[in-house]
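K.L.:
For reference, each letter of the sequence shown is one residue, going 6 to 113 in the working numbering.
Note that beta-carbon positions come from the ideal geometry of N, C-alpha and C, so glycine has one too.
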Amino acid sequence: AAMIVDAITYLFNFAAVRSAKKDSTMSKLTVVGPFVSAVALTGVMIYVFIDAIQELQSSGSGDVKLRIVLIFGVSNLVLDFINLFLFWAFPDAYKAILTFTDPQVLEK
């Protein structure tokens, strides 16, 4: 399921890049595509994280170090929220990355 979400979000990003290259003006898709991608991947990560916690708590297997798994999972979740905040706070930086242009050019 996670690979399907990756493929769909890559298509969103691909469409955004193609739209930006076709049009000299920034379209809404150049912002919406990566945002949808980030939200979808964050949602899948949260779902997998919760499912993994439930699985680890229900099994009596001593092979898995629960503390290490939780540290990595929480760290990834924090990084995802930081990325979402940065996307929201600095949209021109993401537009510049999508269109391979200098961010100062977008400010003009």
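(1) Label residue 38 either buried or exposed according to how many other C-beta atoms from any shown protein chain fall within 10 Å of its C-beta, with 16 as the threshold for buried.
(2) If you check the beta carbons only, do residue 10 and residue 49 fall under 7 Å apart?
(3) How would you write the range of the alpha helix (DSSP H) that residue 95 sits in, first residue to last?
(4) Quick one: measure Cβ to Cβ for residue 78 and residue 94, integer angstroms, because I've assumed they're closer than 8 Å.
(5) Alpha carbon to alpha carbon, how far is residue 71 from residue 60?
(6) Sort 18, 96, 23, 90 by Cα distance to residue 41 and report the nearest one.
(7) Would you call the CB atoms of residue 92 and residue 45 closer than 7 Å?
(8) Would a C-beta distance cut-off of 7 Å place residue 96 and residue 36 closer than the cut-off?
(9) Do we get a CB-CB distance below 7 Å when we pair residue 81 with the residues of chain B?
(10) Which residues in the same chain as residue 89 place their Cβ atom closer than 7 Å to its Cβ, once the five residues preceding and following it in sequence are excluded?
P.N.:
According to the structure shown:
(1) Start at 1 with the first residue of the sequence shown, and residue 38 comes out as number 33. Buried, because 16 or more other Cβ atoms sit within 10 Å of the Cβ of residue 38.
(2) As a first step, residue 10 is located in the sequence shown; it is residue number 5 there, counting from the start. As a first step, residue 49 is located in the sequence shown; it is residue number 44 there, counting from the start. In this structure, residue 49 lies closer than 7 Å to residue 10 by Cβ.
(3) To locate residue 95, count along the sequence shown from 1; it is residue 90. Where residue 95 is concerned, there is no enclosing alpha helix (DSSP H), given that its DSSP letter is neither H nor E.
(4) Mapped onto the sequence shown, residue 78 falls at position 73. Mapped onto the sequence shown, residue 94 falls at position 89. Between residue 78 and residue 94, the beta carbon gap of about 25 Å keeps them out of contact (Cβ cut-off 8 Å).
(5) Start at 1 with the first residue of the sequence shown, and residue 71 comes out as number 66. Start at 1 with the first residue of the sequence shown, and residue 60 comes out as number 55. Between the C-alpha atoms of residue 71 and residue 60 there is a straight-line separation of about 11 Å.
(6) Along the sequence shown, read from residue 1 onward, the residue named residue 41 stands at position 36. Just measuring C-alpha positions, the residue of 18, 96, 23, 90 sitting nearest residue 41 is 18.
(7) Here residue 92 refers to the residue found at position 87 of the sequence shown. Here residue 45 refers to the residue found at position 40 of the sequence shown. The criterion of a C-beta distance shorter than 7 Å is not satisfied by residue 92 and residue 45.
(8) Indexing the sequence shown from 1 puts residue 96 at position 91. Indexing the sequence shown from 1 puts residue 36 at position 31. Between residue 96 and residue 36, the C-beta gap is smaller than 7 Å, which places the two residues in contact.
(9) Looking at the structure shown, chain B is missing, and only one protein chain is on hand.
(10) As a first step, residue 89 is located in the sequence shown; it is residue number 84 there, counting from the start. These residues qualify, in order along the chain: 43, 47.
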